[in-house]
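Engineer: Line order of the protein sequences matches chains A and B. By the working numbering, the letter at position 114 of the first sequence is numbered 165, and the numbering carries on one by one without gaps. By the working numbering, the letter at position 117 of the second sequence is numbered 168, and the numbering carries on one by one without gaps. Ideal placement from N, C-alpha and C gives every residue a C-beta, glycine not left out.
2 protein chains.
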Amino acid sequence: MRAAKHTDDPRMNHLLAALPGDEFDRLKTDLEPVSLALGKVIYESGEQLEYIYFPTTAIISLLYIMENGSTAEIGMAGNDGLVGIALFMGGSTTPNRAVVQSAGNAFRLRSKALLDEFQKSGEFHDILLRYTQYLMTQISQTAACNRLHSVEQRLCRWLLNTHDLLQTNKLIMTHDLIANMLGVRREGVSIAAGNLQREELIKYVRGTITIFDRKGLESITCECYKVVKEEYDRLLGKYISKNS
Amino acid sequence: MRAAKHTDDPRMNHLLAALPGDEFDRLKTDLEPVSLALGKVIYESGEQLEYIYFPTTAIISLLYIMENGSTAEIGMAGNDGLVGIALFMGGSTTPNRAVVQSAGNAFRLRSKALLDEFQKSGEFHDILLRYTQYLMTQISQTAACNRLHSVEQRLCRWLLNTHDLLQTNKLIMTHDLIANMLGVRREGVSIAAGNLQREELIKYVRGTITIFDRKGLESITCECYKVVKEEYDRLLGKYISKNS
DNA sequence: ACCCATCTGAGCGATAACTCACATAACGTT
DNA sequence: AACGTTATGTGAGTTATCGCTCAGATGGGT
């Protein structure tokens, strides 16, 4: 059984939690709980999507894969968002891959149920569009950040973003995987991570990174972290109940 | 008079041309013709948008501006698209700047007229969302490209993209401006452009670049050019009459 | 016809990041 | 407890790009 069930409350996902009662009730029965293992490919580049995913505890990365196999992350989503915007934007697919970056749970919704509710043009519609704009901000910032900032700064940003979507301080994550996200070599991550460890901001052993000092990371990382975070609050804050 | 009039046909813009007759007719009278000078700022980062712009002959760049003043282009739009998606996505603004990269004409539409038609959930709605997904592809590809490809390849891609939106082979454009788009130093652009000139793919003198050999540029540039172009056709091809 | 602002070419040292190669360390399995 | 696999550390050599500086070229304006 590749997609185990779970019993999370769907409203652990902030977007689902933001829906008015009647809209949520209509979707509720169609929300299918799924447990997502690390590395699972949610969808492949160019592949028609069947489901949209609302993570509760999982984190999913959007990755671009070049012809020569090199990769770079363009965005990530956890319980703050969803994966599969191509379904309601009209394209049915996108030229990128979605991979589970941190194992955990999610709810998925079939294309048809999604579109039925989307086309009712209620808050669901508006929230999905606002989230899409947020995702664009994330991607845009990444585009500029990739060009203008150092590996160490980008690593800090990535760690902070991931930490924001996690319930713990421990990331199950090797340097090699992070390198694929940042679009750099593994050695580059090892050196940057070594620096952060030396400064006692993080600690890692063989595939787990523990975050010790968020403030410290925030002071090293580029402005990109803050800009994106503030844009989430601006775009979706009024819908999201203040927790997390 | 900062925004001179013009008499272009609004349907020179492919998105407007794609609208069904009745939807176009409703918008027609609200479309205000404007001439846009090189360098004009259409909107500033964080500024509430008043209009959405549909270029006919102008090209508009979306630029990210870092706190230290360095810049990087994340996307561009000409008669293939529009500028101001934040208006219908719900955010009213985005953390980037839109600048006229090539002088020319456009039509603009006031926020209210735009939203009235958008909320009718007709083809206008669907086309705008599909275009938004296309723009996300453009930005995503730029994010990965910025990380993984050389200045010379990115310059070729940029020249090709610009050329696709132009009616001539001549770009009014200094190396310095291109450097701001690509997020590199002016010298880097001069060297890359020098190579292209030596290979007789382009020719430039003091602020104008002439494109001689598109095929040649396409053979040098990275896959990113093609991926984005094909995604435009996939997402919007069925709406767009085959010209350009 | 000249001047001057602006654009481009070129050189040089500094540095970040890459490539390649191999050593060491941690963990799971048997 | 030994072994194999996978993760991390490190070093040497290379390349791309940066930052700075200045010279030379171009073309518009007076």
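Nearest-angstrom Cα distance between T80 (chain A) and A164 (chain A)?
Structural biologist: 10 angstroms
Engineer: Which whole-angstrom value is the C-beta distance of G132 (chain A) and Y94 (chain A), which I expect to be below 8 angstroms?
Structural biologist: Between Y94 (chain A) and G132 (chain A) the Cβ distance is about 15 angstroms, and since that is not below 8 angstroms, they are no contact.
Engineer: Rounded C-beta distance between A331 (chain B) and Y104 (chain A)? I'm assuming under 8 angstroms.
Structural biologist: The first residue shown for chain B is 52 and the last is 295, placing residue 331 (chain B) beyond what the model contains.
Engineer: Would L287 (chain B) and Y185 (chain B) be called neighbours here (beta carbons separated by less than 8 angstroms)?
Structural biologist: yes
Engineer: Within a Cβ cutoff of 7 angstroms, which residues of the same chain sit near E282 (chain A), ignoring the five residues on either side of it in sequence?
Structural biologist: Y185, T188
Engineer: Return the CA-CA distance between L199 (chain A) and M117 (chain A), expressed in angstroms with no decimal places.
Structural biologist: In a straight line, the C-alpha of L199 (chain A) is about 21 angstroms away from that of M117 (chain A).
Engineer: Which class does Y255 (chain A) belong to by DSSP, given the choice of helix, strand or coil?
Structural biologist: strand
Engineer: Quick check: what's the CA-CA separation for L206 (chain A) versus A123 (chain A)?
Structural biologist: 13 angstroms
Engineer: From the DSSP output, in three-state form, read off R236 (chain B) for me.
Structural biologist: coil
Engineer: For M224 (chain B), name the three-state secondary structure that DSSP assigns.
Structural biologist: coil
Engineer: From T145 (chain B) to I178 (chain B), what distance separates their C-alpha atoms?
Structural biologist: 20 angstroms
Engineer: Using the C-alpha atoms, what's the distance from Q204 (chain A) back to N294 (chain B)?
Structural biologist: Reliability of the predicted coordinates at N294 (chain B) is poor, the pLDDT of 49 falling under 50, and the value obtained from them is presented with this limitation in mind. Cα-Cα distance, rounded: 45 angstroms.
Engineer: Does DSSP classify F263 (chain B) as helix, strand or coil?
Structural biologist: Secondary structure at F263 (chain B): coil, using DSSP grouped into helix, strand and coil.
Engineer: I need the DSSP call for N294 (chain B), collapsed to helix, strand or coil.
Structural biologist: Any reading at N294 (chain B) needs caution, since the residue's pLDDT is 49, under 50, leaving its predicted position unreliable; the model's value is listed next. N294 (chain B) falls in the coil class under three-state DSSP.
Engineer: Could you list the residues in the stretch 99 to 121 of chain A with a C-beta less than 7 angstroms from some C-beta on chain B, going in chain order?
Structural biologist: The stretch 99 to 121 of chain A vs chain B, Cβ under 7 angstroms: Y115, M117, E118, S121.
Engineer: For the stretch 182 to 195 of chain A, which residues have a CB atom closer than 9 angstroms to at least one CB atom of chain B, in sequence order?
Structural biologist: T183, Q184, Y185, L186, M187, T188, I190, S191, Q192, T193, A194, A195
Engineer: Roughly how many whole angstroms lie between the Cα atoms of M52 (chain B) and A88 (chain B)?
Structural biologist: Because the pLDDT at M52 (chain B) is just 43, under 50, the model does not fix this residue reliably, and the point stays unresolved.
Engineer: Tell me where the beta strand (DSSP E) around T122 (chain A) begins and ends.
Structural biologist: 122 to 128
Engineer: Report, in whole angstroms, the separation of the C-beta atoms of L210 (chain A) and E269 (chain A), which I expect to be a contact under 8 angstroms.
Structural biologist: Going by Cβ atoms, the distance from L210 (chain A) to E269 (chain A) rounds to 10 angstroms, so no, they are not a contact pair.
Engineer: Just checking: is the beta-carbon of P146 (chain B) within a distance shorter than 8 angstroms of some beta-carbon in chain A?
Structural biologist: P146 (chain B) counts as touching chain A.
Engineer: Ignore the nearest five residues each way along the sequence and tell me which others in A307 (chain B)'s own chain have a CB closer than 7 angstroms to its CB.
Structural biologist: Past the edges of chain B, shown from 52 to 295, lies residue 307 (chain B), and the structure says nothing about it.
Engineer: Between the stretch 162 to 178 of chain A and chain B, which residues of the former have CB atoms less than 8 angstroms from a CB of the latter, in chain order?
Structural biologist: Q170, S172, D177
Engineer: Which word fits D59 (chain B), buried or exposed, when buried means at least 16 other C-beta atoms lie within 10 angstroms of its C-beta?
Structural biologist: So D59 (chain B) ends up on the buried side.
Engineer: Given 8 angstroms as the limit, is there contact between the stretch 245 to 260 of chain A and the stretch 166 to 176 of chain A, that is, 3 or more CB pairs closer than that?
Structural biologist: no
Engineer: Drop a sphere of 10 angstroms on the beta-carbon of T261 (chain A), count the other beta-carbons inside from all chains shown, and report buried for 16 or more, exposed for fewer.
Structural biologist: exposed
Engineer: Name the DSSP bridge partner or partners of S112 (chain B)?
Structural biologist: B:M127, B:V150
Engineer: Just to check my reading of the structure: R148 (chain B) and S96 (chain B) have Cβ atoms closer than 8 angstroms, yes? What is that Cβ distance to the nearest angstrom?
Structural biologist: 5 angstroms
Engineer: Just to make sure I have the definition right: I need the residues of chain A whose C-beta is within less than 7 angstroms of the C-beta of R198 (chain B). Which are they?
Structural biologist: A123, N197, G234
Engineer: Is it true that the CB of N156 (chain B) sits closer than 8 angstroms to the CB of T107 (chain B)?
Structural biologist: yes
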